[in-house]
Each structure stands twice: as structure tokens, then as C-alpha cells.
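Read the structure below first, then the notes.
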Amino acid sequence: MPHDPDHPPAKKFKPGSPFFRLDKKPGMLLPRKGNASVPIDVQRKNLPIYQAKSQLVNQLRQLHNAVLIGETGSGKTTQIPQYLYEAGIGRQGIVAVTQPRRVAAISLASRVAEEKGTQLGKLVGYTVRFEDVTSSETKLKYMTDGMLLREAIGDPLLLRYTAVVLDEAHERTVHTDVLFGVVKAAQRKRREQNKIPLKVIVMSATMDVDLFSQYFNKSPVLYLEGRQHPIQIYYTKTPQSDYLQAALVSVFQIHQEAPVSHDILVFMTGQEEIEALARTCRDIAKHLPDSCGPMTVIPLYASLPPAQQLRVFQPAAKGCRKVILSTNIAETSITISGIKFVIDTGMVKAKRFNPESGLEVLAVQRISKAQAWQRAGRAGREDSGSVYRLYTEDEFDNLIPMTVPEIQRCNLASVMLQLLALGVPDVMNFDFMSKPSPEAMRTALEQLELLGAVEEKEEKVVLTSLGKKMASFPLEPRYAKTILLSPDFQCSEEVLTVVSLLSVDTVLYNPPARREECLAARRKFTTSEGDHLTLLNIYRAFKKVNANKEWCRENFVNSRNMSMVGEVRAQLREICLKLGVKLESCGADTGRVRRCLAHGLFVNAAELQPDGTYTALDAHQPVAIHPSSVLFQAKPAYVVFNELLHTSKCYMRDLCLVDADWLMEAAPEYFRRKLRSNKS
DNA sequence: CGGCAACTA
């Protein structure tokens with residue numbers, strides 16, 4: 256497996272002009288065979304990794320650190336843990352394999368249990384939030400990276416484990432990045448204290464190799480052969496001012512020239528533009544000459560109901576071309592087979608962070624080269640394919656090489672709180688693989704100080720007792736704080752509900768085609784107190800009908816997300832009971848809930864200006880009420896909000912009406928500086 | 001006055 260893959264020669268095309276047919280080259284590697292009838296041990300032996308098995312087992316036995324590089328299809332994620340076990344690593348403890356996503360952890364564990372011929376939860380198990388399928392026999396444990404991090408708070412040396420395999424390391428999720436440091440420190444301390452050594456294996460696609468190796472004590476890099484097929488790359492001849500128009504033209508160019516069985520995957524940025532382009536494609540397809548054949552256009556994004564997401568896996572009707580319009584969900588989370596063409600707009604909607612203001616903002620931006628290759632790779636999974644990049648080769652050369660790790664573009668309040676809870680002595684100098692800016696870390700510590708989670712003692716930042724309690728919730732610090740404050744306002748049951756609703760995907764389902772119906776149904780729950788209380792009303796109604804699914808459909812409520820709310824709430828309530836948080840309901844006196852939210856979310860406060868606009872008080876920047884808010888038509892003097900969303904404007908999402916007095920009592924010092932009424 | 005990346009504890 257080459258470290259820097261030989262990229263195919265580039266060809267130029269201009270959307271709208273005919274591109275020339277690609278010559279079919281024989282595949283570099285054999286296509287993966289359909290394997291339903293092949294016995295599982297034979298499948299194992301057919302994996303590219305199997306040829307190197309004895310060599311790998313030997314190396315894994317000797318090395319303390321290793322970086323394993325291999326593309327999807329190399330079999331590393333299922334085989335390496337088994338090799339570690341066969342090398343005797345599992346005898347004195349458990350081999351942990353971390354994954355960024357729940358579904359991956361669960362399905363990999365099932366697969367490996369099957370390969371081992373054991374029942375899931377015995378030798379091979381998994382641990383994800385809400386689910387622990389392990390036992391005292393479990394030696395190979397697949398888990399989400401967040402779960403291992405949580406375990407580390409109780410056991411910073413990770414003594415139950417003899418090896419930790421950090422998989423999908425190239426994705427650089429916040430959790431993985433924190434784990435890098437935690438695992439490295441645990442390894443060093445165990446050596447110093449003469450405890451059983453901890454092996455650390457980092458597994459990644461072909462990116463960041465030197466960085467990983469350097470960070471983990473210059474560890475050796477092992478390359479595994481993958482199963483990627485050749486991909487033909489096309490760039491545009493000239494820069495495209497309108498990537499949507501370019502995407503549309505390219506879809507139909509391919510549609511007119513390529514065999515109808517070749518599916519197309521288009522990478523775009525969000526729900527709205529995907530739905531709009533889907534409509535346009537369907538319209539145009541209707542009016543094409545018969546020689547073209549029909550087209551099935553399938554939108555794909557995370558908030559789509561599961562049944563609709565599954566449509567991308569169904570083959571199109573005979574003689575019909577499948578065109579999938581997707582967000583970056585298809586980059587890593589959902590793998591679709593049969594994709595012959597990828598159209599890459601080169602854009603993505605992603606979080607950005609302003610360290611001065613401490614505010615996260617969601618914005619459309621250019622992708623990185625690594626993402627461009629990831630997208631391209633989606634066309635070469637079973638056979639050779641093509642990718643149409645809707646930008647020039649020069650523009651490609653100017654893309655940043657790697658996506659900036661998430662830890663450098665998010666609010667670090669959670670991370671800092673977690674590090675302190677882990678007992679890291681000097682959080683500002685934590686051994687991050689990629690250090691966030693000192694400003695970002697300082698801003699996070701300031702926010703934690705405002706929340707009362709940390710204080711400075713002898714020039715060191717330490718957790719307060721409140722901070723320790725906050726760290727035991729799997730929540731952003733401000734939400735944990737809000738829960739811990741709620742007994743003061745006699746509304747903890749309500750606040751638990753509201754926080755649970757805020758910490759899952761939205762429970763509101765808004766199909767654009769049934770807009771009027773949807774608004775009418777929503778009106779029953781709407782209150783001028785804001786979105787939080789509207790959500791609370793919906794949850795209360797949902798409980799009243801015993802979580803009835805039919806009720807959910809009629810009221811445009813996403814029942815899957817709503818049941819998730821229930822699970823989260825039960826977990827948070829359990830933690831409250833352990834901490835001795837008094838649980839009581841405020842009944843109809845919902846003003847108490849708003850007052851509590853004001854105290855917990857005061858950093859996200861906004862004030863109505865004389866000209867009718869809003870100013871976010873923390874960063875003192877102009878903001879507006881998001882059209883999805885129940886307060887969109889209203890003009891409340893003061894609100895607290897959940898998050899900012901930057902599209903055509905900087906929008907506040909999920910607002911709660913509050914009194915200026917409440918903000919003042921929540922953080923007097925802070926608001927003496929911020930409030931307009933105190934400035935003039 | 002106008003619109004919702006992706007994950008996860």
C-alpha cells in the first residue's frame with residue numbers, strides 16, 4: 256500500500272462541454288467478490304492483511320507503539336485486534352479498540368465475534384453509550400472513543416487494558432485527539448511505576464503518518480495493502496463561480512454519456528441545496544429525449560428519517576440511473592456500493608471557531624486535499640471510477656493539505672473540564688498532538704471560571720467541587736451547570752427534560768412539502784416563552800400519550816430522536832440521584848425554568864438594540880433570530896440561545912426569553928461590562 | 001425580517 260498514493264493523471268473538463276470517454280484500464284487489484292456463500296474463515300484468509308499475518312503478530316508482540324496505515328478493505332480493524340490476542344496480549348488484560356462512531360463499534364464487534372465463533376459479549380464485546388455488551392470473559396472490546404475517555408476519568412492509567420487500538424485516527428475527532436494524550440501519558444506512567452505495559456496501536460488511512468509516528472515516540476509505521484481501484488480525476492478548466500450550477504451540468508453530462516448502470520454520487524453542503532438540486536434534476540430529467548433514460552434522484556443527509564436514508568442502498572429500477580445528492584455523511588459514515596462517478600463541489604459545511612469570542616460558527620467552506628481524496632475514493636470501491644472535481648487543478652493545489660483537527664476549531668470548555676477531571680496537572684500544557692491555540696484554551700478556562708467550575712489556586716487552575724460534579728455529566732459544561740442549578744429554582748425535572756432535548760438531534764420534523772400542516776400542528780405547543788419551553792410542551796404531550804408513534808407522525812415529531820431524549824434523560828437523572836441533586840417539578844410555573852436557563856446559559860445572551868437588531872453580549876457581535884425559532888416574529892428585549900449558525904447572517908438557534916435582572920443576578924460582574932443599559 | 005455539517009459521552 257503506497258503511502259502517498261499514485262494519483263491518476265488529471266484531465267480537464269468544462270461543465271457543459273462533452274468530456275471524452277475514459278478508457279477502461281484493468282483494475283490494479285481484483286474487485287471484491289460477493290461473499291455471502293464463502294465460509295467465514297476463508298473470507299478472513301482472503302483479506303490482503305492475511306499474507307502478512309505471522310510477520311504482524313511478531314511485530315505486534317515486540318512493539319510498544321505502532322502506526323498502522325491501511326485503506327478501507329485491508330481488514331485491519333477486524334484482524335489486528337485478533338492478532339494482538341493471538342500474540343498473547345489479551346492474557347493479562349483487555350484489548351480496547353476505539354471507533355469514532357457507535358454503529359461501527361457495534362457492527363465490528365459482531366463481525367469479530369462471528370469470526371471467532373463466539374457469542375457476542377463473551378470473548379468479543381462492545382461498549383457504547385446506553386449499551387454495554389461485555390462480560391468478565393471479554394478480551395476484545397470495541398468501544399466508542401468517547402466511552403474510553405469517560406472510563407479514563409475513573410482510571411487514568413487504563414489498568415484494565417493491555418493494549419489500546421485507536422482506529423480511524425485520521426478522522427481526528429475531539430475524543431480521539433484527547434485520547435492520544437491520555438493513552439500516551441498512561442503508557443509512560445505505567446512504565447515508570449513498573450506496571451504491566453500498555454501497547455498503543457494507531458490505525459489510520461494514508462494521512463498524517465509522520466505526525467502520528469513522531470508523537471508516539473517515533474514509532475514504526477507498518478503499511479497494509481488495501482483494495483482501492485484506479486480512479487480517473489477530472490478538474491474544471493476554469494474556476495466555477497456557481498458550484499451548484501456546475502454540479503447540475505455535470506450530472507446531466509454524465510447522464511447523457513455514461514451507461515445507465517453507473518451511479519453518481521454528488522458531494523454538497525446541506526439539506527436545502529440538496530433538496531433544491533434534487534427538484535431541479537427531476538424536472539430536467541422528465542424533459543430529456545428518450546435516448547437518455549430516466550433518473551432516480553436520492554437526497555442523503557443525516558436528519559433524513561432512517562427509512563429514507565435506506566433508499567440510497569436500493570438499486571435503481573432497471574434502465575434507471577441512480578443519482579445520490581449527499582452531504583459529507585457519505586464521506587465516512589455511509590458507504591454506498593456501486594458508485595462509478597463522484598462529483599465533488601469542493602465545498603463543505605463545517606464548524607469554525609473564533610478563539611477571541613469563544614463562539615463556534617457553522618459555515619460553508621472549501622474542503623481539504625485529504626477530504627478531496629476521501630471523496631474521490633468513494634468512486635473506486637468495487638471497480639475503477641471517475642471523479643469530477645468542480646474546481647481547477649490550481650484551486651486543488653491551493654487547498655489545505657489536511658482538514659484542521661476538530662480540536663482546533665471548537666469550543667474547548669468540555670475538553671478542558673474533562674482534562675481537569677482526569678487529573679492532568681497543567682492543562683494549558685497538555686501534550687496534544689496538535690495544540691489548540693493558547694487563546695482558545697484560555698477562553699475555555701475563562702468560561703469554566705464564569706460557570707464556577709474552576710478556580711485559580713497558587714497559580715494553578717483547579718476544579719471546584721461544582722466543577723467535579725459537572726464533569727460527571729456527559730454534557731457540555733453549561734448544560735451540566737444548568738442541571739446542577741435547577742434545584743435552586745425547584746424545576747430540576749423540567750430542566751432535565753429541556754437539557755436532554757437540547758443534547759440530541761432535533762425532535763422536530765419539518766418536511767418542506769407539508770409546511771402548512773406542520774406549522775399548524777406545531778402551534779399547539781408554541782409559547783411566547785421561547786423554543787426551550789415549546790420543546791418542553793412537546794415532550795410533556797409526548798409523555799401524556801405514552802410515546803405513541805401515531806401521535807408523533809400527526810404532530811411532526813421525530814419519534815426516533817424523541818425516544819433518544821428519553822434515554823438521555825434517564826441517564827442524566829441517574830447521575831443526579833448519585834450526586835444527591837434534589838429532583839422536583841415546577842408544574843405550570845415555567846418561569847422558573849427560564850430563570851434557571853438564564854443562569855446556566857448566560858454566556859449566550861443577546862440584547863435587542865434600539866434599531867431592532869440583536870447583539871450577542873459576549874462577543875458583542877450582531878446576531879439575528881433564526882427563522883426556525885418560535886420567537887422569530889417576536890422582539891424580546893433579552894434572550895439566551897443555544898448556538899450560533901452562520902449562513903446569510905449570524906443566526907441564534909433555540910432561544911429562551913429571559914429578564915435582564917436574571918442575567919445580572921447570574922453573573923453580576925460579567926454583565927456590568929456587557930449590558931447596554933449599564934454603558935450609557 | 002427568512003432557513004437547519006457530521007459525530008459522540
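Residues 256 to 935 in our numbering are what the first sequence lists, from first letter to last. Backbone N, C-alpha and C fix where the C-beta goes; we use that ideal spot for every residue, glycine too. None of these values were measured; they are calculated from a predicted model.
Endpoints, the beta strand (DSSP E) within which residue i is located
{"i": "residue 911", "result": "905–912"}
{"i": "residue 897", "result": "893–901"}
{"i": "residue 921", "result": "Segment 915–921 is the alpha helix (DSSP H) holding residue 921; no beta strand (DSSP E) there."}
{"i": "residue 462", "result": "Careful: residue 462 lies outside any beta strand (DSSP E) and carries neither H nor E."}
{"i": "residue 719", "result": "Premise fails: residue 719 is in no beta strand (DSSP E) and is neither H nor E."}
{"i": "residue 402", "result": "Not the beta strand (DSSP E): residue 402 falls in the alpha helix (DSSP H), residues 400–409."}
Option in the options with minimal Cα separation from residue i
{"i": "residue 873", "options": "886, 339, 898 and 370", "result": "898"}
{"i": "residue 852", "options": "771, 573 and 751", "result": "751"}
{"i": "residue 422", "options": "457, 710, 432 and 436", "result": "457"}
{"i": "residue 350", "options": "302, 420 and 790", "result": "420"}
{"i": "residue 304", "options": "330, 298, 776 and 318", "result": "330"}
{"i": "residue 704", "options": "539, 768, 858 and 412", "result": "858"}
{"i": "residue 622", "options": "654, 571 and 794", "result": "654"}
{"i": "residue 444", "options": "395, 369, 679 and 534", "result": "679"}
{"i": "residue 608", "options": "426, 660 and 321", "result": "660"}
{"i": "residue 939", "options": "895, 820 and 598", "result": "Nothing about residue 939 can be read from this structure; the chain reaches only from 256 to 935."}
{"i": "residue 325", "options": "318, 866 and 334", "result": "334"}
{"i": "residue 758", "options": "779, 823 and 766", "result": "823"}
{"i": "residue 543", "options": "531, 507, 691 and 619", "result": "507"}
{"i": "residue 460", "options": "332, 439, 361 and 562", "result": "332"}
{"i": "residue 849", "options": "534, 783 and 462", "result": "783"}
{"i": "residue 363", "options": "592, 476, 340 and 336", "result": "336"}
{"i": "residue 471", "options": "748, 435 and 494", "result": "435"}
{"i": "residue 885", "options": "790, 504 and 540", "result": "790"}
{"i": "residue 682", "options": "495, 670 and 689", "result": "670"}
{"i": "residue 676", "options": "690, 589 and 716", "result": "716"}
{"i": "residue 318", "options": "531, 592 and 418", "result": "418"}
{"i": "residue 572", "options": "620, 515 and 580", "result": "515"}
{"i": "residue 645", "options": "490, 510, 712 and 519", "result": "490"}
{"i": "residue 567", "options": "579, 754, 357 and 574", "result": "579"}
First and last residue of the uninterrupted alpha helix (DSSP H) at residue i
{"i": "residue 353", "result": "From DSSP, residue 353 is part of no alpha helix (DSSP H) but of the beta strand (DSSP E) over 349–354."}
{"i": "residue 795", "result": "786–799"}
{"i": "residue 651", "result": "648–652"}
{"i": "residue 670", "result": "668–676"}
{"i": "residue 625", "result": "624–632"}
Identity of the residues DSSP links to residue i by a beta bridge
{"i": "residue 387", "result": "382"}
{"i": "residue 708", "result": "Partner(s): none; residue 708 has no beta bridge."}
{"i": "residue 344", "result": "Residue 344 is not bridged to any residue."}
{"i": "residue 336", "result": "Answer is none; residue 336 lacks a bridge partner."}
{"i": "residue 878", "result": "869"}
{"i": "residue 305", "result": "None; residue 305 has no bridge partner."}
{"i": "residue 476", "result": "322"}
Three-state secondary structure (DSSP) of residue i
{"i": "residue 416", "result": "strand"}
{"i": "residue 317", "result": "helix"}
{"i": "residue 497", "result": "coil"}
{"i": "residue 640", "result": "strand"}
{"i": "residue 926", "result": "helix"}
{"i": "residue 228", "result": "The first residue shown for the chain is 256 and the last is 935, placing residue 228 beyond what the model contains."}
{"i": "residue 397", "result": "strand"}
{"i": "residue 262", "result": "Only weak support exists for where residue 262 lies, its pLDDT of 44 falling under 50; the value from the coordinates is given anyway. Residue 262: coil per DSSP, three-state reduction."}
{"i": "residue 358", "result": "helix"}
{"i": "residue 488", "result": "strand"}
{"i": "residue 680", "result": "coil"}
{"i": "residue 298", "result": "helix"}
{"i": "residue 887", "result": "coil"}
{"i": "residue 645", "result": "coil"}
{"i": "residue 696", "result": "helix"}
{"i": "residue 374", "result": "coil"}
Any beta strand (DSSP E) of 3 or more consecutive residues that is wholly inside the stretch 539–620: Listed in chain order, the complete beta strand (DSSP E) runs (minimum 3 residues) inside the stretch 539–620 are 550–555, 576–581, 594–599 and 602–609.
What are the start and end residues of each continuous alpha helix (DSSP H) run of 4 or more residues lying completely inside the stretch 418–460, in chain order? Fully enclosed alpha helix (DSSP H) runs of no fewer than 4 residues occupy 429–447 of the stretch 418–460, in order along the chain.
Completely contained beta strand (DSSP E) runs for the stretch 800–865, where each covers 3 or more residues: Assignment of beta strand (DSSP E) within the stretch 800–865, counting only whole runs of 3 or more residues, yields 860–863 in chain order.
At which residue ranges does the stretch 720–790 contain complete beta strand (DSSP E) runs of 3 or more residues, listed in the order of the chain? Taking 3 residues as the minimum length, the stretch 720–790 contains no beta strand (DSSP E) run wholly inside it.
Ignoring anything shorter than 4 residues, give me the alpha helix (DSSP H) runs that lie fully in the stretch 495–534, in order along the chain. List check, alpha helix (DSSP H) in window: 498–512.
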